[in-house]
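Enquirer:
In my numbering, the protein residues as written are 1026 to 1528.
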């Protein structure tokens, strides 16, 4: 009897082993056939079954990993994240060909699960088709109406600088971390346009909002976001930072809904005072039957678009200024030269103006190379092919995610004389005049170029020039500036303290 049981048990064990063995073979075979690509598809690093190249990339330095892979596989190469293929574009000529020349085929965003669940396909940044076209067009025209990119916005920016400078002066040159203060100062400018008012720096809700932005963007650039986008069915059921980021953005949206609710109580359709008022007018027009038949104006799109503008209009500019402080502290001789130029052109008796830019070539060049070296959005935002496209010798099918590697352009040795060195001379000719470089594309290029580029340029110039006009920047005693970064959707400097003293 024991021998029969033993035989049956042995048979059962082998049966289970056989089942597991054939299951693994089936999964691996299915994975191979599902993910094989034609010979015309761009080459890339060998992908592991199921996970693809998920663990071939250092997600703390993703942009550097991807730039290094281009040295081996060329400026157009492929990677597989889970079951999804992506093509990474490197070098100025390749990005220009893809985003500008063939821009119509790359105007869409991919349906990445994490971003789809956060945005619901609404708003400006991650929407496509009619929603994207209507919302982007409306945002541009409305913000322009309120001074977006125009001289009339200069007083708002300069007033915010004055508020920021007041807080800095109160520290009397003591070391402090400028992160939160700069986020608040820059966010207040977009708040003036979108909400119609600014927030006091001590406002508790506003402070929470700034912290949420910072944390959310770090998670979205981490391996957790990539895992979620590759295996959403699994990650939805597992705890981790990917769950936290959704809660963060839900809290931000609730903050925006409160602002909209307050706007409704004082809303005068005949006298719109900000972006939200104008959007409410569009919603009302649609409800009255006078709007377009395919109108995308509703309250959920208002929340999503406001969130996009608020986020895009805050983080990148404030992060660039934090890089600027570090570079000025590290290179005091450049700081002194900028200050001397500002003193000779503007002096101390008046505020800077955008009209001064043409007469401040060295200051402008310094600011541009800070942007280049800071490399704020190193991998831009993802695109997706809406039809098959040809790039060089390769065919990229419809539905493939495209990663424009801006890092490869900003540090391209074929475009910059000293790509890895902070060198304002990159933007100056032999006569010392400012020279615009085609490969300077920190705001990306093509149809999805950053909507807030003009505002960001204005904010950066006026804030940076004002800071240089009134303050000196140095590290605390015994501390050397460290130009290392924290990778996320944006590339931010590691947290630091700095001494800012009145001149």
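C-beta: ideal position from N, C-alpha, C; glycine also.
Tell me, to the nearest whole angstrom, how far the beta carbon of residue 1485 is from that of residue 1345; I am working on the premise that it is less than 8 Å.
Expert: 6 Å between Cβ atoms; contact.
Enquirer: Residue 1524 bridges to which residues according to DSSP?
Expert: Answer is 1499.
Enquirer: Within a Cβ cutoff of 7 Å, which residues of the same chain sit near residue 1148, ignoring the five residues on either side of it in sequence?
Expert: 1160, 1326, 1329, 1330, 1332, 1333, listed in sequence order.
Enquirer: My output table needs one value for residue 1033: the three-state DSSP class, helix, strand or coil.
Expert: Because the pLDDT at residue 1033 is just 48, under 50, the model does not fix this residue reliably, and the value given afterwards should be weighed accordingly. Residue 1033 falls in the helix class under three-state DSSP.
Enquirer: By Cβ distance below 7 Å, which residues in the same chain neighbour residue 1377 in space, the five residues on each side in sequence not counted?
Expert: Hits under 7 Å: 1371, 1487, 1490, 1491, 1494.
Enquirer: If I measure Cβ to Cβ from residue 1451 and keep anything under 8 Å in the same chain, skipping five residues before and after, which residues do I get?
Expert: Counting only Cβ-Cβ distances below 8 Å, and skipping sequence neighbours, we find 1390, 1393, 1394, 1397, 1441, 1442, 1443, 1462.
Enquirer: Quick one: using the 10 Å Cβ neighbour count with 16 as the cut-off for buried, is residue 1073 buried or exposed?
Expert: Residue 1073 should be labelled exposed.
Enquirer: DSSP on residue 1420, reduced to helix/strand/coil?
Expert: Reduced to three states, the DSSP call for residue 1420 is strand.
Enquirer: Between 1474, 1515, 1388, 1500, which has its C-alpha nearest residue 1121's C-alpha?
Expert: Of the candidates 1474, 1515, 1388, 1500, the one whose C-alpha sits nearest the C-alpha of residue 1121 is 1474.
Enquirer: Go ahead and label residue 1235 buried or exposed: buried means 16 or more other beta carbons lie within 10 angstroms of its beta carbon, across all protein chains shown.
Expert: It is buried - the Cβ of residue 1235 has at least 16 other Cβ atoms within 10 Å.
Enquirer: Specify the secondary structure class of residue 1414 as computed by DSSP and reduced to three states.
Expert: In the structure shown, residue 1414 sits in a strand (DSSP, three-state: E or B).
Enquirer: Which whole-angstrom value describes the C-beta separation of residue 1351 and residue 1508, a residue pair presumed to lie in contact below a C-beta threshold of 8 Å?
Expert: Indeed they touch by this definition, with Cβ atoms about 6 Å apart.
Enquirer: Does the distance from the CB of residue 1266 to the CB of residue 1249 come in under 8 Å?
Expert: Their beta carbons are under 8 Å apart, which means residue 1266 touches residue 1249 by this criterion.
Enquirer: Is it true that the CB of residue 1388 sits closer than 8 Å to the CB of residue 1363?
Expert: Against a cut-off of 8 Å, the Cβ pair of residue 1388 and residue 1363 comes out as a contact.
Enquirer: Taking the runs of the beta strand (DSSP E) that are 3 residues or longer, which of them lie wholly in the region 1433 to 1501?
Expert: Counting whole runs of 3 or more residues, the region 1433 to 1501 contains the beta strand (DSSP E) stretches 1496 to 1499.
Enquirer: Leaving out five residues on either side along the sequence, give the residues of the same chain with a beta carbon under 7 Å from the beta carbon of residue 1298.
Expert: The answer, listed in chain order, is 1221.
Enquirer: Do residue 1311 and residue 1322 have their C-beta atoms closer together than 8 Å?
Expert: A contact, by the Cβ cut-off of 8 Å.
Enquirer: To the nearest whole angstrom, what separates the beta carbons of residue 1132 and residue 1411, a pair I think is in contact under 8 Å?
Expert: So it is a contact: roughly 7 Å between Cβ atoms.
Enquirer: Where does residue 1199 land, buried or exposed, given buried means 16+ other C-beta within 10 angstroms?
Expert: Its Cβ having fewer than 16 others within 10 Å, residue 1199 is exposed.
Enquirer: For the beta strand (DSSP E) containing residue 1103, name the first residue and the last one.
Expert: Segment 1101 to 1106, the beta strand (DSSP E) holding residue 1103.
Enquirer: Spatial neighbours of residue 1498 within its chain, please: C-beta separation below 7 Å, excluding the five flanking residues on both sides.
Expert: Correct list, in chain order: 1350, 1353, 1354, 1360, 1523, 1525.
Enquirer: Look at residue 1167 and residue 1430 and say whether their C-beta atoms are less than 8 Å apart.
Expert: No, they are not a contact pair.
Enquirer: Evaluate residue 1259 with the Cβ neighbour count: other Cβ atoms within 10 Å of its Cβ, from every protein chain shown; 16 or more gives buried, anything less gives exposed.
Expert: Residue 1259 is exposed by the Cβ-count criterion.
Enquirer: Could you tell me if residue 1295 is buried or exposed, where buried requires 16 or more neighbouring beta carbons within 10 angstroms of its beta carbon?
Expert: Result: exposed.
Enquirer: Could you give the DSSP three-state label for residue 1518: helix, strand or coil?
Expert: Note: residue 1518 maps to strand in three-state DSSP.
Enquirer: Could you work out which residue in 1083, 1339, 1183 is closest to residue 1534 when comparing CA atoms only?
Expert: Because the chain in this structure spans residues 1026 to 1528, residue 1534 falls outside the shown range and cannot be described.
Enquirer: Do you know how far the Cα of residue 1204 is from the Cα of residue 1520?
Expert: Taking the straight line joining both Cα atoms gives about 8 Å.
Enquirer: Measuring CA to CA, which of 1209, 1252, 1095, 1196 is closest to residue 1233?
Expert: Checked all of 1209, 1252, 1095, 1196; the closest Cα to residue 1233 is 1209.
Enquirer: Hey, residue 1483 and residue 1182 are a contact pair by Cβ (cut 8 Å); roughly how many whole angstroms apart?
Expert: Right, the Cβ-Cβ distance comes to about 7 Å (below 8 Å), so this counts as a contact.
Enquirer: Can you tell me which of the three DSSP states residue 1389 falls into?
Expert: DSSP places residue 1389 in helix when its eight states are reduced to three.
Enquirer: Identify, in the order they occur along the chain, each residue of the same chain with its Cβ nearer than 7 Å to the Cβ of residue 1527, setting aside the five sequence neighbours on each side.
Expert: Contacts found: 1194, 1495, 1496.
Enquirer: With burial defined as no fewer than 16 other Cβ atoms inside 10 Å of the residue's Cβ, what is the status of residue 1138: buried or exposed?
Expert: With 16 or more other Cβ atoms within 10 Å, it is buried.
Enquirer: If I measure Cβ to Cβ from residue 1141 and keep anything under 8 Å in the same chain, skipping five residues before and after, which residues do I get?
Expert: Same-chain partners within the cutoff: 1151.
Enquirer: At the level of alpha carbons, what is the spacing between residue 1110 and residue 1426?
Expert: Those two C-alpha atoms are separated by around 7 Å.
Enquirer: Give me the DSSP bridge partner(s) of residue 1114.
Expert: Bridge partners of residue 1114: 1101, 1429.
Enquirer: Relative to the C-alpha of residue 1102, which candidate in 1373, 1113, 1108 has its C-alpha closest?
Expert: Among 1373, 1113, 1108, the Cα nearest to that of residue 1102 is on 1113.
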